[in-house]
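Undergrad: Protein sequences, first through last, are from chains A and B.
Under the numbering used here, the first residue of the first sequence is numbered 120, with each subsequent residue one higher.
Under the numbering used here, the first residue of the second sequence is numbered 120, with each subsequent residue one higher.
Heads up, the beta-carbon is just placed ideally off N, CA and C, and yes, glycines get one too.
First, the structure itself, so that you have it in front of you.
2 protein chains.
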Amino acid sequence: MPPAALALAVSLGDPAGVGPELLASAWLSRVPRRLPVFFALGGAGLLRAAARTRGLDLPVRVIADPAQAQGCFDAALPVLDCGDAAYAPGKPARAGAELALASLTEATRLAVSGAASGVVTGPIAKALLAEVGFHHPGQTEFVADACGIAPEDAVMMLAAPSLRTVPLTVHIPLSAVPGAIGIELILRRARIAVAALTRDFGIARPRLAVAALNPHAGEAGRMGSEEAEIIAPAIARLQAEGIAATGPHPADALFTPRARGGYDLALCMYHDQALIPLKTLDFDAGVNVTLGLPIVRTSPDHGTAFAIAGRGSADPGATIAALRLAGECAARRAAARVLA
Amino acid sequence: MPPAALALAVSLGDPAGVGPELLASAWLSRVPRRLPVFFALGGAGLLRAAARTRGLDLPVRVIADPAQAQGCFDAALPVLDCGDAAYAPGKPARAGAELALASLTEATRLAVSGAASGVVTGPIAKALLAEVGFHHPGQTEFVADACGIAPEDAVMMLAAPSLRTVPLTVHIPLSAVPGAIGIELILRRARIAVAALTRDFGIARPRLAVAALNPHAGEAGRMGSEEAEIIAPAIARLQAEGIAATGPHPADALFTPRARGGYDLALCMYHDQALIPLKTLDFDAGVNVTLGLPIVRTSPDHGTAFAIAGRGSADPGATIAALRLAGECAARRAAARVLA
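Structure (structure tokens):
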């Protein structure tokens, strides 16, 4: 008998944020949205309470092993216990941060061990988590560390229905961006991204559009030299390696419907250059995917939204999209293993 | 008898670019698109030749005075002669640049003198124009100079169906942006923009959303200090003056449908921050409006597009939008003069 198909491990995120209610909402839409099988790490009581604030009755089944998720997912949201907390939406507290950290740690561990097909992480509040022993800049670095991957080789990609982007630099001041971009960094990120799009997204020869840093792509050096000195040489090297890279493209014209038809991924120079078009086009459906890891990891691309937690207005679209995308990537990896 | 209503003066732009064919195309759609009366400066033969490349037969009427435009606009595109050129799409040349400069100079002069209700400028190639005596960074500065307005008081606004943005800084390298923004600059631009939205756009109390410079609006200083040191104090001063200003808003979340419903104008810190969302949402309908001038001035927000000139594929949407918007602003000014 073949082993049971693996399920996705899902961390709760901060229990005072929108994570638990969106997870409950996602499970309730599992049939029409064709979601892959997943289970939550902890929070059985919390999840039921969060669902009630949206007028939803959430059946929960506590499981003892990830392998049991498959058997009960149709009837109830499987929860592998790793703690619980009182539900106090909009009121983050130390006990909640401890649960969030335990949930993230355990979900990641199960994906790394091979007991789960991947990990989907709920939104956390970094400052609160830091107070209970979380010493990474964000969940991406935490997951990379758990995989034994250097943080610079864990590449953040934002994926939405209309667009995929990778920001070359992320959480640094805008004034630090020009000094942080470089040929080697572009090469490293681009190679990881292209390999991941092939392996996890099934794109045989990914087309990479590289954005310029300066307005009008520097207009032949009149408004900045990074295009000529850094970005164009990096693109030439990628092309020499056989990667279908183009650019540097003026960033303002890179996200029109016609331009988007010409590439599979836009490599952007800084956070807002990658995030403005993505959120403008697909605000409630953005998924944060970590490329370059031995495991599949996705996350809804929004924060804890403490201000609207428990009010029923948070949109589950990004959580649903994160679950679906993780399921698709995991299925491609599983199929590749069978063929290998 | 009341004086004849004034018409808009339209410059050709570079005759080798898409300007002439789009102007011809716009005139041919004057009835369904309800365009205001306008006339071209020069290029009677050129315009007819450009129209023919799109399979269009353009009737042209050479007029001797702007006041004659109103009488013939229904039947033909009025052209006030200031020269002509052979039509060679995609092949910019010195004679064409001279015609473009003459057309721009004369169209602007007529708006400044009051003989035209405003000026709509076609797309030029700055480098070519510089060779024939154009000594301004762009048409905005040229028009401001002709009006006797300091260039820093001529505010570029991008207007499209979904969004209006003003970039605080424009054609400078990204590395120069943090050093170029300042409290006084924000105040100056914001005051001009708010006054213009009231006078020319009929918005009684314009709501101004001010974008942050850094990712996550600096996240309480962890990713940059400009929000706390420059942007927030400027917003506080605007609010103290009675201006409905909010922010600094994280730029990536400022252009979602819900966020856009909360303001009339987004004041952005740099070129691509203002242009990425605008072109992503409304690529073929963006209008460049110069605020703060004694005259009305708009322009389609695209370049000469030499590569596609004469091929019939250039979209007249932005030219049509620029003509309509100039007509609306001019009508509001005329109505205000009647009431005054």
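1) What in chain A is Cβ-close to B:K398, meaning under 8 Å?
2) Tell me the rounded alpha-carbon separation between B:E217 and B:R167.
3) State buried or exposed for A:V457, treating a residue as buried only when at least 16 other CB atoms are found within 10 Å of its CB.
4) What are the residues of the segment 276-292 of chain B that lie near chain A, defined by any Cβ-Cβ distance shorter than 8 Å?
5) Using a Cβ-Cβ cutoff of 9 Å, what residues of the segment 344-367 of chain A are near chain B? List them in chain order.
6) Would B:T417 and B:V181 qualify as a contact pair, given that the criterion is a beta-carbon distance under 7 Å?
7) Does the segment 271-286 of chain A come into contact with the segment 229-247 of chain A, if we say contact requires no fewer than three beta-carbon pairs (one atom in each stretch) closer than 8 Å?
8) Have a look at B:C387 and A:S236 and give me their C-alpha separation to the nearest angstrom.
9) Could you tell me if A:Q358 is buried or exposed, where buried requires 16 or more neighbouring beta carbons within 10 angstroms of its beta carbon?
10) Where does A:F192 sit, in a helix, a strand or coil, going by DSSP?
11) According to the neighbour-count rule (16 or more other Cβ atoms, all chains shown, within 10 Å of its Cβ), is B:S232 buried or exposed?
12) Below 7 Å on C-beta distance, what does B:L141 contact in chain A?
13) Using the C-alpha atoms, what's the distance from A:P352 back to B:W146?
14) Please classify A:E360: is it buried, with 16 or more other beta-carbons within 10 angstroms of its beta-carbon, or exposed?
15) So which residues of chain A does B:Q392 contact, with C-beta pairs closer than 8 Å?
16) Whose Cβ in chain A lies nearer than 9 Å to the Cβ of B:F320?
17) When you compare only the Cα positions, how much space is there between A:L397 and A:R283?
18) Would a check of beta-carbon distances place B:L332 closer than 7 Å to chain A?
19) 7 Å is my cut-off, CB to CB: does B:F402 come that close to chain A?
20) Excluding the five sequence neighbours on either side, which residues of its own chain have a C-beta within less than 6 Å of the C-beta of A:R324, listed in chain order?
21) Between the alpha carbons of A:M120 and A:F192, how many angstroms are there, rounded?
22) Given 8 Å as the limit, is there contact between the segment 405-422 of chain B and the segment 432-449 of chain B, that is, 3 or more CB pairs closer than that?
23) To the nearest angstrom, report how far apart B:A219 and A:L442 are at their CA atoms.
24) I'd like to know whether the C-beta of A:S144 is nearer than 7 Å to at least one C-beta of chain B.
25) Look at the Cβ atom of B:G202, then the Cβ atom of B:G161, and state whether they are nearer than 7 Å.
26) Do B:Y206 and B:A170 have their beta-carbon atoms positioned less than 7 Å apart in this structure?
27) Quick check: the Cα distance between A:G252 and A:P435, rounded to an integer number of angstroms?
28) May I have the straight-line CA-CA distance separating A:V313 from B:L199, to the nearest angstrom?
29) With a threshold of 7 Å between beta carbons, is B:S418 in contact with chain A?
30) Let me see if you follow: with CB-CB separation under 7 Å, is A:S294 close to chain B or not?
31) Is the CB of A:P297 under 7 Å away from at least one CB in chain B?
32) Looking only at DSSP bridge pairs, what is A:L277 linked to?
33) For B:S418, which of helix, strand or coil comes out of DSSP?
34) Relative to the C-alpha of A:A195, which residue among A:M342, A:S148 and A:G337 is closest?
TA: Based on what the coordinates show:
1) On the second sequence, position 279 is the one that residue 398 of chain B refers to. The answer, in chain order, is D371, A372, F374 and T375.
2) Locating residue 217 of chain B in the second sequence gives position 98, counting from the first residue. Locating residue 167 of chain B in the second sequence gives position 48, counting from the first residue. Their backbone Cα atoms lie some 19 Å apart in a straight line.
3) Stepping through the first sequence from its first residue, residue 457 of chain A is reached at position 338. A:V457 is exposed by the Cβ-count criterion.
4) V289, H290, I291 and P292
5) Contact annotation: in the segment 344-367 of chain A, residues whose CB is within less than 9 Å of a CB in chain B are S344 and E345.
6) The sequence position of residue 417 of chain B within the second sequence is 298, counting from 1. The sequence position of residue 181 of chain B within the second sequence is 62, counting from 1. Not in contact: B:T417 and B:V181 (Cβ atoms no closer than 7 Å).
7) Touching, no.
8) Here residue 387 of chain B corresponds to residue number 268 of the second sequence, with the count starting at 1. Here residue 236 of chain A corresponds to residue number 117 of the first sequence, with the count starting at 1. Going by the C-alpha atoms only, they are around 43 Å apart.
9) In the first sequence, counting from the first residue as 1, residue 358 of chain A sits at position 239. Classification of A:Q358: exposed, given that the 10 Å Cβ count is below 16.
10) To locate residue 192 of chain A, count along the first sequence from 1; it is residue 73. If DSSP states are grouped into helix, strand and coil, A:F192 belongs with coil.
11) Along the second sequence, one-based indexing puts residue 232 of chain B at 113. Exposed.
12) Here residue 141 of chain B refers to the residue found at position 22 of the second sequence. Neighbours of B:L141 on chain A: none; closest Cβ ~17 Å, over 7 Å.
13) Position 27 of the second sequence holds residue 146 of chain B. Position 233 of the first sequence holds residue 352 of chain A. Computed Cα separation, rounded: 45 Å.
14) Sequence index remark: in the first sequence, residue 360 of chain A carries index 241 (1-based). It is exposed - the Cβ of A:E360 has fewer than 16 other Cβ atoms within 10 Å.
15) Residue 392 of chain B sits at position 273 when you count from the first residue of the second sequence. One finds D391 and I395 in chain A with Cβ atoms closer than 8 Å to the Cβ of B:Q392, taken in chain order.
16) Locating residue 320 of chain B in the second sequence gives position 201, where the first residue counts as 1. The premise fails here: B:F320 is roughly 22 Å from chain A at the closest Cβ pair, so nothing lies under 9 Å.
17) Along the first sequence, one-based indexing puts residue 397 of chain A at 278. Along the first sequence, one-based indexing puts residue 283 of chain A at 164. As the crow flies, the alpha-carbon of A:L397 is around 8 Å from that of A:R283.
18) For this step, residue 332 of chain B is matched to residue 213 along the second sequence. The beta-carbon of B:L332 is placed less than 7 Å from the nearest beta-carbon of chain A.
19) As a first step, residue 402 of chain B must be located in the second sequence, where it is residue number 283. So yes, B:F402 belongs to the interface.
20) Here residue 324 of chain A refers to the residue found at position 205 of the first sequence. The residues are A363.
21) Residue 120 of chain A sits at position 1 when you count from the first residue of the first sequence. Residue 192 of chain A sits at position 73 when you count from the first residue of the first sequence. Low confidence applies to A:M120: its pLDDT is 39, below 50, so where it sits in the model is not reliable, and the reading given next is rough at best. Computed Cα separation, rounded: 21 Å.
22) yes
23) As a first step, residue 219 of chain B must be located in the second sequence, where it is residue number 100. As a first step, residue 442 of chain A must be located in the first sequence, where it is residue number 323. The straight-line gap from Cα to Cα measures roughly 56 Å.
24) Numbered from 1 along the first sequence, position 25 holds the residue referred to as residue 144 of chain A. With 7 Å as the cut-off, A:S144 does not count as an interface residue toward chain B.
25) Residue mapping note: residue 202 of chain B aligns to position 83 of the second sequence, counting from 1. Residue mapping note: residue 161 of chain B aligns to position 42 of the second sequence, counting from 1. Note that the C-beta distance between B:G202 and B:G161 is below 7 Å.
26) What you label residue 170 of chain B is simply residue 51 of the second sequence in a count that begins at 1. What you label residue 206 of chain B is simply residue 87 of the second sequence in a count that begins at 1. No.
27) Walking along the first sequence from the start, residue 252 of chain A turns up at place 133. Walking along the first sequence from the start, residue 435 of chain A turns up at place 316. The alpha-carbon of A:G252 is positioned some 29 Å away from that of A:P435.
28) Here the question's residue 313 of chain A lines up with position 194 in the first sequence. Here the question's residue 199 of chain B lines up with position 80 in the second sequence. One Cα belongs to A:V313, the other to B:L199, and the distance between them is close to 56 Å.
29) One-based indexing of the second sequence puts residue 418 of chain B at position 299. So no, B:S418 is outside the interface.
30) Counting from one through the first sequence, the residue named residue 294 of chain A turns up at place 175. Closer than 7 Å to some Cβ of chain B, the Cβ of A:S294 qualifies, so yes.
31) Locating residue 297 of chain A in the first sequence gives position 178, where the first residue counts as 1. By this cut-off, A:P297 is an interface position.
32) The residue labelled residue 277 of chain A in the question sits at position 158 within the first sequence. Note: A:L277 sits in a beta bridge opposite A:T284 and A:N407.
33) Numbered from its first residue, the second sequence carries residue 418 of chain B at position 299. The answer is strand: DSSP assigns B:S418 an E or B state.
34) For the purposes of this step, residue 195 of chain A is identified with residue 76 of the first sequence, where counting begins at 1. When each option's Cα is compared against that of A:A195, the closest is A:S148.
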